Amino acid sequence: MSKFKKKKGGDLPAISTASLPDIVFMLLFFFMVATVMRDSTLMVSNTLPAADQVQKLDKKDRVMYIYAGKPSDRYQSKYGTQARIQLNDKFATVQDVGAFVLAERASKRQELQNVLTTALKVDGETNMGLITDIKQELRKVNALKINYTTRLGAYTQNFN
Amino acid sequence: MPKRSAPEVNAGSMADIAFLLLIFFLVTTTIETDSGINRKLPPIEDVVDPPVIKQRNIFTVVVNKNNDLLVEEKPMNIKDLRAAAVAFLDNGGGKGEEACNFCQGEKDPSSSDNPDKAIISLKNDRETEYQVYIAVQNELVAAYNELRDREYLRLNPNDGLTFTQADKIYSDPRTTPSTKEALKKKLDVVKLLFPQKLSEAEPSKTN
């Protein structure tokens, strides 16, 4: 009869899931863009101290990281509980810091080599002696821009 | 002739693939939140003739191995440190050439002459805890920021910004170069009024 005859009604039409991949892809791209891969696994406990007068760290490619703190639980049997320095994926001594900085600096692009910042990610309970030694080593290799990485919070959280 | 529709490609599993990727990125993601206190270390050089600095222009802060604070030879609680540092920097007790015309302090002759001359000296023990050191640093930077905020507002009343807010805009990579240029001038003026002169002594050894 007519062309516009209703199809046989009754059962519900299936909801099209064709746009579902689009939605998921959108989320995927968001996380891909926002993601920063962790480049070294932490081998030291790293509870950063709190501070509120903070400045944002420079772009990622201009920063080198030095971690320090007590070795985490599974390394304590081997390395003891004294605070240690971690460079890349290895425990290191104070003497290694200079060589590490020079190697990092050499691996960066020419124009960035003079604007590098050293981020010190140090556990709050570390003694200042170790940090002073690190700073002394940094001065020796002329890596003078440093950043004490902290978490945002009132300074009173540092006293417990 | 019966109508034949083109066979549809089944896109049902596409979502599964996308989800797999999504979950991978969700797990490996750490959204950048790093921030901290920026400092500049002094270069190693032999100072042949150390400049003579008047004792009243130095504000000494000592942290001992029990994390106690000694400010200007007197024990102090850390919550009073910020106010004490502000009072010292903003004192402006100088006369003649060293007078400070924007300071609002008490003009105490036994405290600093001019913010330009005032030096905060921080000394810590090798056994001081890092988090206490950071707390002290934080309070000293806060004192500088407080004064710089005040001066920035006084000099640029129409901006409706404080020094710290302006500095944040300045260091934001999305800010346009022209805005940056304008901000840099204003920031530098204030930085010159209250230069951050924070000196760190070599730590003392514990016997």
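So the protein lines, in turn, are chains A and B. Under this note's numbering, the first residue of the first sequence carries the number 1, and numbering increases by one thereafter. Under this note's numbering, the first residue of the second sequence carries the number 1001, and numbering increases by one thereafter. Virtual Cβ for every residue (Gly too), placed ideally from N, Cα, C. The structure displayed is predicted, hence computed values, not measured ones.
Asked: CB contact check: Gly153 (chain A) to chain B, cutoff 8 Å; Found: no
Asked: Element boundaries [alpha helix (DSSP H), containing Arg109 (chain A)]; Found: Note, Arg109 (chain A): premise wrong, no alpha helix (DSSP H); not H, not E.
Asked: Contacts that Lys1040 (chain B) makes with chain A (C-beta to C-beta distance below 9 Å); Found: Leu144, Lys145 and Ile146
Asked: Contact with chain B by Gln110 (chain A), beta-carbon distance below 8 Å; Found: no
Asked: CA nearest to the CA of Arg151 (chain A), picked from A:Phe31, A:Leu42, A:Ala50 and A:Ile23; Found: A:Ala50
Asked: Ser1171 (chain B) versus B:Arg1154, B:Leu1183 and B:Lys1197, residue with shortest Cα-Cα distance; Found: B:Leu1183
Asked: Asn1207 (chain B) classed as buried or exposed, judged by whether at least 16 other C-beta atoms fall within 10 angstroms; Found: Residue placement at Asn1207 (chain B) is flagged as unreliable, the pLDDT there being 44, under the threshold of 50; the coordinate-derived value follows with that caveat. Counting Cβ neighbours within 10 Å, Asn1207 (chain B) comes out exposed, since fewer than 16 surround it.
Asked: Closest Cα partner of Val1009 (chain B) within the set A:Asp11, A:Ala18, A:Thr117 and A:Tyr67; Found: A:Ala18
Asked: Residues of the stretch 24-56 of chain A whose Cβ lies closer than 7 Å to any Cβ of chain B, in chain order; Found: Val24, Phe25, Leu27, Leu28, Phe31, Met32, Ala34, Thr35, Val36, Met37, Arg38, Pro49, Ala51, Asp52, Gln53, Val54, Gln55 and Lys56
Asked: Proximity winner among A:Gly98, A:Gly153 and A:Lys145, relative to Ile1134 (chain B) (alpha-carbon distances); Found: A:Gly153
Asked: Beta carbon proximity, Thr81 (chain A) to chain B, threshold 8 Å; Found: no
Asked: Closer than 7 Å at the beta carbon, the chain B residues around Thr149 (chain A); Found: Asp1034 and Gly1036
Asked: Gly1036 (chain B), enclosing beta strand (DSSP E) - first and last residue; Found: Ser1035 to Lys1040
Asked: Heavy atom of the ligand MG within 7 Å of Arg1126 (chain B) beta-carbon; Found: You won't find the ligand MG in this model; it holds no ligand whatsoever.
Asked: Where the alpha helix (DSSP H) containing Ser1178 (chain B) begins and where it ends; Found: Pro1177 to Leu1193
Asked: Rounded C-alpha distance that separates Arg1039 (chain B) from Lys145 (chain A); Found: 6 Å
Asked: Glu137 (chain A), enclosing alpha helix (DSSP H) - first and last residue; Found: Met128 to Lys140
Asked: CA-to-CA distance, Ser1178 (chain B) to Glu1073 (chain B), given in whole angstroms; Found: 48 Å
Asked: Cβ of Arg1126 (chain B) within 8 Å of any chain A Cβ; Found: yes
Asked: Contact the stretch 1091-1104 of chain B vs the stretch 1115-1132 of chain B: 3+ CB pairs below 8 Å; Found: yes
Asked: Identified DSSP bridge partners for Lys1210 (chain B); Found: Residue 1210 (chain B) falls outside the range modelled here, since chain B spans only 1001 to 1207, and no answer is possible.
Asked: Under 8 Å between C-beta atoms of Tyr67 (chain A) and Leu42 (chain A); Found: yes
Asked: Pair within 8 Å by beta-carbon distance, Asp123 (chain A) and Val94 (chain A); Found: no
Asked: Alpha helix (DSSP H) segment containing Ile1017 (chain B), residue limits; Found: Gly1012 to Thr1028
Asked: Contacts of Ile1044 (chain B) in chain A (Cβ-Cβ under 7 Å); Found: Arg139 and Lys140
Asked: Chain A contact for Tyr1170 (chain B) (CB, 8 Å cutoff); Found: no
Asked: Below-8 Å beta-carbon distance, Pro21 (chain A) vs any chain B residue; Found: yes
Asked: CA-to-CA distance, Leu28 (chain A) to Arg139 (chain A), given in whole angstroms; Found: 43 Å
Asked: Thr1164 (chain B), DSSP secondary structure in three states; Found: helix
Asked: Alpha helix (DSSP H) segment containing Ile1078 (chain B), residue limits; Found: Where Ile1078 (chain B) is concerned, there is no enclosing alpha helix (DSSP H), given that its DSSP letter is neither H nor E.
Asked: Separation of Glu1146 (chain B) from Tyr1187 (chain B), as counted between CA atoms; Found: In the sequence as displayed, the identity of residue 1187 (chain B) is Leu instead of Tyr. Taking the straight line joining both Cα atoms gives about 14 Å.
Asked: Cβ-based burial, Asp58 (chain A) [other Cβ within 10 Å; buried from 16]; Found: buried
Asked: Interfacial residues, the stretch 1014-1026 of chain B to chain A, with Cβ spacing under 7 Å; Found: Met1014, Ala1015, Ala1018, Phe1019, Leu1021, Leu1022, Phe1025 and Leu1026
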